[in-house]
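Chemist: In this text, residue positions in the sequence shown follow my numbering: the first is -7, and each later residue adds one. Each residue gets a CB set at the ideal place from its N, CA and C atoms; glycine is no exception.
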Amino acid sequence: MFDYSGSFAQYSVLSRLESTIMIAALMPNYNRANIAFSYGEGAWLFDERGRKFLDFGAGIATSSLGHGHPHLVNAIAEQAAKVIHVSNLYLVPGAELLANRLVAASFADSVFFCNSGAEANEGLVKAMRKTCADAGQPERYRVICFEGAFHGRTLAMIAATGNAKYLAGFGPLVDGFDHVPFGDIAAVRAAIGPQTAGVLIEPVQGEGGVRPASVEFLRALRALCDEHGILLGLDEVQCGMGRTGRLFAHEWAGIEPDVMSAAKGIGGGFPMGAVLAKEHVARALVPGSHGTTFGGSPLAAAAGNAVLDVVLAPGFLEGVEATGRYLGGELSGLCARFPGVFEDVRGVGLLRGLKCVVANTDVQAAAMEEGLLTVAAGENVLRLIPPLIVGTAECDAAVALLERTALRCSAGVEVGVK
Ligand SMILES: *Cc1c(COP(=O)(O)O)cnc(C)c1O
């Protein structure tokens, strides 16, 4: 094995002595908690100091099988030893298998693999625009999005997200996205014009504060898109891949989109995204029109297939639904016991949010001190998005830790992990 540690240490000492550089080498674009995890097991993470944390954040709804899942670990290790990457200049049988399985299990006829949620949404919007252009309507390029949405951090996706906080300082807005209030069908109808290609919505807004669209709203959107001959796109990057107790969240509404993005949980922590499309949309992405170097590599496909092996095993999604319902019930009880800290519980399945009375980031920090990892979201919500493999025992443990957190918050104990 190579040992780089000495040379790196020497390099960083020298560069710091010889210059006035004050910035951390790892770019400081995140507010990181002062914890470094060294390993994980199931829903638990262990830090360098030996402390144990119950992981109800799952790397932001991404570590869908938890940590150290033997089936996923073996699949990745075995594939890595064979071949990691070959490019899309060649056949990738694992990616074909994964696409076939996703097609068999969903509305889609065809799948494009990429590496992240933002990249999947970029592909989705490009597919929408190209579908219209190929149909002789290139003027239809605009996409109707929703207030409170989150679609990613690329230049186009910050425009699709439309949140001023993510746009500031990044220059002119990428054109082509219109925003209407979430859940307002009359506003969608009014926003549809001769330049509209389609609508893009998260069936459950994640970052926006765990806000599920109603079944009625999703059905009305589908009908409205059909009425106007425009495309319905769903962003299931966070709510898809089993998180709500169905493989995809829109299944609860009994509707089918024309095109959909997936990512986060799809690789169980291995970076992966996907665009799933009906034939009439997928046809638009002819050879040369779209691509990505790493997408659907043998290694990514091995991870994706291993995740699907678990998620599509008989009874697994029913288990997520049941555990999610149990967690929801326990969280309502918690809200009733601590009305000074928690206002109500929202969400579906294992995508849950506690609307906080006190600052959600304070509750998040206090929970971390108690040994529970959560994720803050919009509207002062604390997200509980555990690995999909949790059962009622882990939910009970999480609620017990939230109870201690609530006591700490109501007592006004100073928070902040040291
Ligand atoms: C996280 C997320 C994205 C962006 O995914 P990245 O992998 O960070 O690019 C897009 N849409 C939704 C709904 C998300 O939750």
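1) Any heavy atom of ligand 1 closer than 7 Å to the Cβ of Val166?
2) Taking the alpha carbon of Leu323 as the point to measure from, which residue in Val75, Asp336 and Glu313 has its own alpha carbon closest?
3) Between which two residues does the beta strand (DSSP E) containing His77 stretch?
4) Answer yes or no: do Phe413 and Ile68 have a C-beta to C-beta separation smaller than 8 Å?
5) Could you compute how far the alpha carbon of Gly107 sits from the alpha carbon of Gly115?
6) I'd like to confirm something about His143: is its beta-carbon nearer than 7 Å to some heavy atom of ligand 1, or not?
7) Apart from the five residues on each side of it in sequence, which residues of its chain come closer than 6 Å, Cβ to Cβ, to Glu139?
8) Is there a Cβ from chain D that is less than 8 Å from the Cβ of Val135?
9) Using a Cβ-Cβ cut-off of 7 Å (strictly less than) and excluding sequence neighbours within five positions of Val409, which residues of its own chain qualify?
10) Using a Cβ-Cβ cut-off of 7 Å (strictly less than) and excluding sequence neighbours within five positions of Gly49, which residues of its own chain qualify?
11) For my contact list, Asn56 and Gly234 are in at a C-beta cut-off of 8 Å; report their separation, rounded to the angstrom.
12) Evaluate Pro186 with the Cβ neighbour count: other Cβ atoms within 10 Å of its Cβ, from every protein chain shown; 16 or more gives buried, anything less gives exposed.
13) Hey, Val117 and Leu147: beta-carbon distance below 8 Å or not?
14) Report all residues from its chain with a CB closer than 6 Å to the CB of Glu415; omit the five preceding and five following residues, and keep chain order.
15) Between Val95 and ligand 3, is the CB less than 7 Å from at least one heavy atom?
16) Excluding the 5 residues flanking Asn352 on each side, which residues of the same chain have their C-beta closer than 7 Å to its C-beta?
17) Could you tell me which residues DSSP puts in a beta bridge with Gly260?
18) For Ala295, count neighbouring C-beta atoms within 10 Å of its own C-beta (all shown protein chains included) and say buried if the count is 16 or more, exposed if not.
19) Assuming Phe48 is part of the beta strand (DSSP E), what are its boundary residues?
20) For Val461, which of Ala73, Ala100, Glu33 and Arg338 has the nearest alpha-carbon?
21) Apart from the five residues just before and just after Ala87, which ones in its own chain have a Cβ nearer than 7 Å to its Cβ?
22) At a threshold of 7 Å, does Gly201 count as lining ligand 1 (C-beta to nearest heavy atom)?
23) Could you give the residue range of the beta strand (DSSP E) that holds Ile193?
24) Check this for me: beta carbons of Leu226 and Ile193, under 8 Å apart or not?
25) If the criterion is Cβ atoms closer than 8 Å, does the pair Gly316 and Gly237 meet it?
26) Rounded C-beta distance between Ser102 and Glu271? I'm assuming under 8 Å.
27) Taking 7 Å as the cut-off, is the C-beta of Glu131 nearer than that to any heavy atom in ligand 1?
28) By DSSP's criteria, Gly32 is part of a beta bridge. Which residues make up the other side?
29) Going by beta carbon distance, what residues of the same chain come within less than 6 Å of Ser190, once the five residues before and after it are set aside?
30) Is Ala255 near ligand 1, in the sense that its beta carbon is under 7 Å from a heavy atom of that ligand?
31) Measuring only from the beta carbon, is Ala110 closer than 7 Å to any heavy atom that is part of ligand 1?
32) I need the straight-line Cα distance from Asn66 to Gly58, nearest angstrom please.
33) Alpha carbon to alpha carbon, how far is Cys124 from Arg275?
34) Would the beta-carbon of Asp301 fall within 8 Å of that of His61?
35) In or out: Phe162 buried (at least 16 other Cβ within 10 Å) or exposed?
36) Could you tell me which whole beta strand (DSSP E) segments of length 3 or greater appear in the stretch 185 to 245?
Modeler: For this structure:
1) no
2) Asp336
3) Careful: His77 lies outside any beta strand (DSSP E) and carries neither H nor E.
4) Nothing in the structure corresponds to residue 413, since the chain is present only between -7 and 410.
5) Looking at the sequence provided, one finds Asn at residue 107 rather than Gly. When rounded, the distance between both Cα atoms is 11 Å.
6) Because some heavy atom of ligand 1 lies under 7 Å away, the Cβ of His143 counts as near it: yes.
7) His171, Pro173 and Phe174
8) Looking at the structure shown, chain D is missing, and only one protein chain is on hand.
9) Reliability of the predicted coordinates at Val409 is poor, the pLDDT of 45 falling under 50, and no value is obtained from them.
10) Leu365, Thr366, Val367 and Ile377
11) Note that residue 56 is Ser in the sequence shown here, rather than Asn. Contact flag correct, Cβ pair sits at about 7 Å.
12) That one is exposed.
13) no
14) No answer is possible for residue 415: the residues shown for the chain start at -7 and end at 410.
15) The model depicted lacks ligand 3 and carries ligand 1 instead.
16) Ala368, Asn372, Val373 and Leu374
17) Partner residues in the beta bridge of Gly260, as assigned by DSSP, are Phe262.
18) Buried, because 16 or more other Cβ atoms sit within 10 Å of the Cβ of Ala295.
19) Phe48 -> no beta strand (DSSP E), and no H or E assigned at all.
20) A query on residue 461 cannot be resolved here, the shown segment of the chain reaching from -7 to 410 and no further.
21) Sequence-distant partners of Ala87 (beyond 5 residues in either direction) whose C-beta falls short of 7 Å from its own C-beta, in its chain, are Phe105, Gly288 and Ala293.
22) no
23) Unbroken beta strand (DSSP E) run through Ile193: Thr188 to Ile193.
24) yes
25) Yes, they are a contact pair.
26) 7 Å
27) no
28) Leu37
29) Sequence check: residue 190 is Gly here, not Ser. Hits under 6 Å: Met120, Val135, Ile222, Leu223 and Gly225.
30) yes
31) yes
32) 14 Å
33) 11 Å
34) No, Cβ-Cβ distance for Asp301 and His61 is not below 8 Å.
35) Taking all protein chains in view, the Cβ of Phe162 is surrounded by fewer than 16 other Cβ atoms within 10 Å, so the residue is classified as exposed.
36) 188 to 193 and 223 to 227
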